[in-house]
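Have a look at the structure below, then the notes.
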Amino acid sequence: MISLVFIAALFALLLYVVANMPPMGDPDNPTNSSEVIERYLEKGGEETHADNVVTGIIINYRGYDTMGEVTVIFCALAAVLAVLGRERRGRIYAYVDRSRVPSSVIVRTMVALLVPFIILFSVYTILHGEISPGGGFQGGAIVGGSMIVFTTIFGLLESSQRIPQRLRFPLEGSAVITFFAVGALGLAGGGNFLTFAWPEIAGNLQPSLVVWLTVLVETGIGLGGAMVLISILFSMIREEEEIAVVP
Amino acid sequence: MGGGYAFSRRLLLCIILFAFWIALTATLALYDLVLGAVCSAFVAVLTVALLGRALDPRITPMVLLRLPWFLLRLIWEIIKANYDVAKIILHPRLPIDPEIVEYRTYLPGDLPRTVFSDSITLTPGTVTVELEEDLLKIHCLCPYHQEGLAGLERMVAWLFGVKRHG
Amino acid sequence: MVQDIVAGAFCCVGTFFFLVGTTGLIRMPDVFSRLHPSTKCDTLGACSLIVGMAVYSGWSWELLKLIIIACFVLLSSATCGHAIGRSALRGDIKCWRRKNGVEDGHGT
Amino acid sequence: MRLFHNYHYIASMLLFCIGLYTVIVRRNIIKKLIGLNIMETSVFLFLISLGYLDGGIAPIGIGGADPSRMVNPLPQALILTGIVVAVSVTALALALVILLYRQYGTLDVDRLFRDEETGGEEGEEKGETA
Amino acid sequence: MGTALNLTFIVLLVVTALLAVLARDLLAAVIIFSAYSLIMALMWQRLQAPDLALTEAAVGAGVTTVLFVVAIFKTRRREEEEE
Amino acid sequence: MGAYRHFPVFMVTVPLVCAVLLPFLGYLRQKWVPWAAMLPLAFSSVLGLLLIGKIPAEGYLGYELGGWPPPWGIELRVDRVGHFLMLIVCGITLLALAFSRRYISREVSGGRLTAYYVLFLLMSGAMLGFVATGDVFNLFVFMEILALSSYALVAITGNRNAVRAAFKYVLMGAPSSIMVLLAIGFIYSATGTLNMADLTLRIADSRYSEVLIVAYILFVIGFGVKAALFPLHMWLPDAHSIAPSPISALLSGLLVEVSTFAIFRITFSVFSMGSSGLFASTLDAVGIFAAAAVLYGGIMAILQKDLKMMIAYSTVSHIGYIFLGITAMTAEGLTGAMYHMLDHGLAKACLFLCAGNFIFVKGYRRIEDLKGAWRQMPWTCFAFALASISVVAIPPTAGFISKWYLILGNIKGGNYAYVVVLLVGAILAAVYCFRIIYYMFFQPGKEGAWEGESRDAAPSMLAPVWVLSLGTLFFGILSYLLIPSLLDAMNFLL
Amino acid sequence: MDDFLTVIALIISLNAVVCLYRAAIGPTAQDRLLGVNIVGTKTLVVVILVTFIQAEGFFLDVAIVYTLLLFVVTVALSRYLEAEGWEEM
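Chains as they are written, first to last, in numbering that gives the first Met the number 0: chain G, 0 to 246; chain P, 0 to 165; chain Y, 0 to 107; chain E, 0 to 129; chain B, 0 to 82; chain C, 0 to 493; chain S, 0 to 88.
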């Protein structure tokens, strides 16, 4: 009861604040009229060579945030693995499926039919992040989604054979490593850390270089994100009492 | 399953994926085409590795050619189904007498059976609720709905070029 | 103009079937029979709305994407219906019968 | 009238309070996590609606879109990060939930924290949050 | 007109949120929560944030929901009753 | 501009990237992992030391990431205060890491061992980034890395209480993060920028003071949970006492302070105070809670039977001290708060590591078991005593200096009640600390409690403890090295 | 035409509210899943409609993700639901 009153009071307070806030959607309110936004919108295309301004901001203007973000994903993986442990390496483990019922043939076939399209779509999302909605993490999440359905339908045993740990393991950190490498490259080019543009070296190649680096970073994020999501899922699905199947 | 067969399967998948890519990127620029070719080849190889035997080999150019006509007939069935269902639902007394019936199909392989059962789901008054080997369990809204199944089965058999034997 | 009218007609048809599907979802007595309106009416409703939009957009690249979406809807909604039905069957949910109330629907 | 014009804000505050209510009051820990997610999305909604522009277009400059009509892209970039963070926190919390259930066999906060073996004050630890 | 649409979406959002919060069956709560995410993505489309709509559809509706379901599958489905 | 301007960003990112690379080493050579984990932190420490004297007393060292000027890009912002805290972070994490090499291998095994070091590095890097950033949203991002890794580190042993404590921590920490995000949203709505320097200017002439005040309150609540300010401290005793000792040292000695520093930063660098009376009244309320925290923490610490629990409650009390320094709003008070962060970091880390030594060698957690510990573990006991003296604030230690300035600041600010609270807090601290010292040195142990092979902890575990405890002494005696420059920096901030 | 499409979208989304009724009352989890699936399909259609109302073609990508993810979620959830060991509702 006390908490209800507390929340009601909080809601009233927040309503009061909201009532005093600048009107939404007004071009003159502080968020829309600041010079920050003007530059993003008007020069963003030229400066970051990304038609999608959001991608430009994520990768370029606020790349440091995104580096933190990919670190968060990696941290989540490390945390989940520290808490639950990984499915074990080197040996094949049977997944104790509580249902012990094979999944439906129809669903299997349909998933097999759709998975290539899902993966290609995510590749498209990753590679076209700078000109259409989407980007690294979205693509990674879509691949993760396809692998989720793959895992639930075909079982952990099969999917952990198909996406083995020795494949996932090196790729999990790829996002952070790519980002750091690109950032350090900017430093080598005479700029600051995370500089994507360095006139001294690139010259005329500048625009395409920036685009390629953006795509590189997006790919890194996508791969890393997908692998992290898959690993988290596997680690959560795996039963404590895995049965060892001697190969 | 020989290597050559696997290769042609991959190629077919790659071509389908490439078409999908073009539809997605919505451009015919050279850069995108090359990128698309590379990516779809990559994804084709990847998914064949990923899905292995789950990828049914029955998709052939012949099936792809017959597919549009099949789809048209299917859509007609769907429209009929909807008319039917709408009639039942909007009927004040809800004249249904549902039951689960079993149906044994002669269609071989996973893909034809899947297409068959999905078609059943989309056609009047029937929903496939279980498929084990060649035995389908179908939930029928009204008893008379079972009658359309055989025709549908013929349609699917035609699509995949399956002859009824025995 | 003609384009708009055709598109509008398709949209109306689609909306109508959506409404029918919703009514069925509410009215039907059990999961299995609810599957019928949901799979069929939703598929047709969505597809006809998509077709309507395709007519509305005319010849453009968006048409291709709409076709892709329509194909996915066709494939996925039938499969989803089946998956839900199967899970209901496996989950020992009884099939509703008209004659003698509720009885075991497995046919065995 | 301004309050009505800001109805997105009101909605997000409402959702925030619903989420907070769940986190504080509901005793099931998975329910608490759902509440947490609702809270998070509500804040995201709030931030995105901050950047909205009446009659604006999405900040994607394809085909010579007019930059002056685009909505504010900055909150969108921020919230993208926010969503990733939310997923990460949820994943970790769910991993902890699985482990907790293995060890305690319950998802109820009261039962979880009832037998406080490590001391501490009993009264205050009923999963209060703020 | 657009306002009415937005308001409907908001109503949907609040309704789904309340349903998710009030459901006693955890699985039902999670299922409804995925609907919440889907509607949230719609909201973001209205607010002209395509990237977010994509992310929310993929992450909120897909990954988060499945993680929740896995967790529920590993634990228990019903909320415990009051003592 | 020399190369040193690049140092802060490498101090932050190198630990993070090395954390990502560490699993590979763990795959190849598990044994090298503890040593390799030290490298990035040592690197950061060296860079931090090289930065000494390079930072202007008035103003800060800014670094434009990606070459974008501040309102557009993210800016790193290292002022003297931040640099001071970064050095503390580097030092204590390095020592805790050195300590954990032997300690943790007993509590955690197998693949989790690598995960432990990965999370440790992530946490250290996140703390450095948290302190160094000049962007409000970036603050949030690093806070989340910090929070996630600390949740996992609390639970890393996987025993039931640890998981429960970690979950409690999540249940309080995650909503608080969301509140911070909401506060960021409010600030952004009223100003349209995220850069701290820019915010300061815009807040000064903003028309939306209601929004800003609520944003400030939300910030205080949000970071207050992370900093375990009194009514929001429920997670702290459990988490700090149950986590492995090096992690307790980190949580108690650093995380809490870093969060406090965030409030400090928000208060003085963003809201720059004084613009409205309501901010001041918010701060007054915080002061009351802080005073309550001092007393409550002290009393609860006296009542504890578990050694680590006692130290954890002592932390609650000391967070109150730091907040009292901040709320005094005078240069002396702020200096005292900052210096108390140093002292508290060193002393608390030392106490927790000593407790870790007791647990490691004998498995004793209860205070009563420590009777007569002196005979077997003299080195640990002496270090513990030295750190306790600093906690109680007896003259030659850093604790005395910091508390002296806290009291001075509060007298100057006219808050005489708080002066009394501070003194009472010191008395309470004396009670709970001297009890243990008395037990250790002057009580006979229980029969058989301290027999068997009479060895103290291994040198690799004693060395960090002694470095920390001598640190309290060192910074107490040589406080004149730091205090003037801190005072300058604070005067500039006000 | 835009107004017409908006009205259609409005009707469909109100429709979705009704579907949520089914998702809310159950009685079985499959019912809820079905309800949410239908809400998802309706949302998908609304996404497409809004795409054309706002005349921004790239939102169709979002629609594609919607279809795919709806499929993923429904299939994954129903797979979990068909497992034994669940208490009856």
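In this text, a Cβ means the ideal position worked out from N, Cα and C, and glycines have one as well.
Note that the structure is a prediction, hence the values are computed from the model and not measured.
How about residue i: is its C-beta nearer than 8 Å to some C-beta of chain G?
| i | result |
| --- | --- |
| Y:R97 | no |
| Y:H81 | yes |
| S:F70 | yes |
| C:L415 | The residue you asked about is not Leu; residue 415 of chain C is Tyr in the sequence shown. No, no contact with chain G. |
| E:V108 | no |
| S:L43 | no |
State yes or no: is the beta carbon of residue i nearer than 8 Å to at least one beta carbon in chain P?
| i | result |
| --- | --- |
| G:I259 | Any property of residue 259 of chain G remains undetermined from this structure, which presents chain G solely from 0 to 246. |
With residue i and residue j assumed to form a contact (beta carbons below 8 Å), what rounded beta-carbon distance in angstroms separates them?
| i | j | result |
| --- | --- | --- |
| S:G25 | B:A34 | In fact, because the Cβ distance is near 14 Å, the residues do not count as touching under 8 Å. |
| C:P245 | C:F383 | About 16 Å separates the two Cβ atoms, so there is no contact after all. |
| G:V110 | S:V64 | Actually they are not in contact, since the Cβ atoms of G:V110 and S:V64 sit about 17 Å apart, beyond 8 Å. |
| C:Y3 | G:N191 | In fact, because the Cβ distance is near 13 Å, the residues do not count as touching under 8 Å. |
| C:D197 | C:P70 | 5 Å |
| Y:R26 | P:P97 | The Cβ separation is near 13 Å, so there is no contact. |
Between the beta-carbon of residue i and the beta-carbon of residue j, is there less than 8 Å?
| i | j | result |
| --- | --- | --- |
| C:P443 | C:G371 | yes |
| G:E171 | G:M226 | yes |
| C:G344 | C:G319 | no |
| E:I33 | B:P49 | no |
| G:S102 | S:R78 | yes |
| C:A300 | C:C349 | no |
| E:I61 | G:D50 | yes |
| Y:V19 | P:A80 | no |
| E:P74 | E:I47 | yes |
Please confirm whether residue i has its beta-carbon closer than 8 Å to some beta-carbon of chain S.
| i | result |
| --- | --- |
| Y:A77 | no |
Between residue i and chain C, is any beta-carbon pair separated by less than 8 Å?
| i | result |
| --- | --- |
| E:T80 | yes |
| E:Y103 | yes |
| G:L3 | no |
Please tell me whether residue i has its Cβ less than 8 Å away from any Cβ of chain Y.
| i | result |
| --- | --- |
| P:E146 | no |
| P:I14 | no |
| S:L19 | no |
Give a yes or no on whether 8 Å exceeds the smallest Cβ distance from residue i to chain B.
| i | result |
| --- | --- |
| G:I229 | no |
| G:D132 | Note that residue 132 of chain G corresponds to Pro in the displayed sequence, not to Asp. At least one chain B Cβ lies under 8 Å of G:P132. |
| S:V64 | yes |
> Within the chosen definition, does the region 48-60 of chain S reach the region 60-77 of chain B through at least 3 CB pairs nearer than 8 Å?
Replying inline: no
> When you check each C-beta in the region 45-59 of chain E against every C-beta of chain S, which residues fall closer than 9 Å?
Replying inline: I56, A57 and I59
>> Give me the subset of the region 31-42 of chain E whose CB atoms are less than 7 Å from a CB atom of chain C, sorted by chain position.
In response: K31, L35, M38, E39 and V42
>> For the pair the region 0-13 of chain B and the region 4-13 of chain E, tell me if three or more CB-CB distances fall below 8 Å.
In response: yes
> Taking contact to mean at least 3 C-beta pairs separated by less than 8 Å, is the region 320-331 of chain C in contact with the region 417-436 of chain C?
Replying inline: yes
>> Against chain E, which members of the region 45-60 of chain S pass a CB distance test of less than 7 Å?
In response: E55 and F57
> With a cut-off of 8 Å, do at least 3 Cβ pairs link the region 330-343 of chain C to the region 408-415 of chain C?
Replying inline: yes
> Does the region 96-104 of chain P come within contact of the region 57-64 of chain P, defined as at least 3 CB pairs closer than 8 Å?
Replying inline: no
> Of all the residues that make up the region 28-45 of chain P, which are near chain G by a beta-carbon distance shorter than 8 Å?
Replying inline: L34, C38, S39, F41, V42, A43 and L45
> Between the region 30-59 of chain Y and chain P, which residues of the former have CB atoms less than 7 Å from a CB of the latter, in chain order?
Replying inline: F31, S32, L34, H35, P36, T38, K39, C40, T42 and L43
>> Closer than 8 Å between beta carbons: that is the criterion. Which residues of the region 24-37 of chain B meet it against chain S?
In response: D24, L26, A27, I30, I31, S33, A34 and L37
>> Beta carbons nearer than 8 Å to chain G: which residues of the region 48-69 of chain C have them?
In response: Y62, E63, L64, G65, G66 and W67
> Between the region 168-202 of chain C and chain E, which residues of the former have CB atoms less than 7 Å from a CB of the latter, in chain order?
Replying inline: V169, L170, M171, A173, P174, I177, L180, L181, G184, Y187 and S188
> Going along the region 146-157 of chain C in order, which residues come within less than 9 Å of chain E, judged by CB to CB distance?
Replying inline: A146, L147, Y150, A151, A154 and G157
>> Taking beta-carbon pairs under 7 Å, can you tell me which members of the region 103-126 of chain P lie near chain Y?
In response: S116, D117, T120, L121, G124 and V126
> Between the region 135-146 of chain G and chain B, which residues of the former have CB atoms less than 8 Å from a CB of the latter, in chain order?
Replying inline: F136, Q137, A140, I141, G143 and G144
> Would you call the region 207-218 of chain C and the region 261-273 of chain C in contact, with 3 or more CB pairs under 8 Å?
Replying inline: yes
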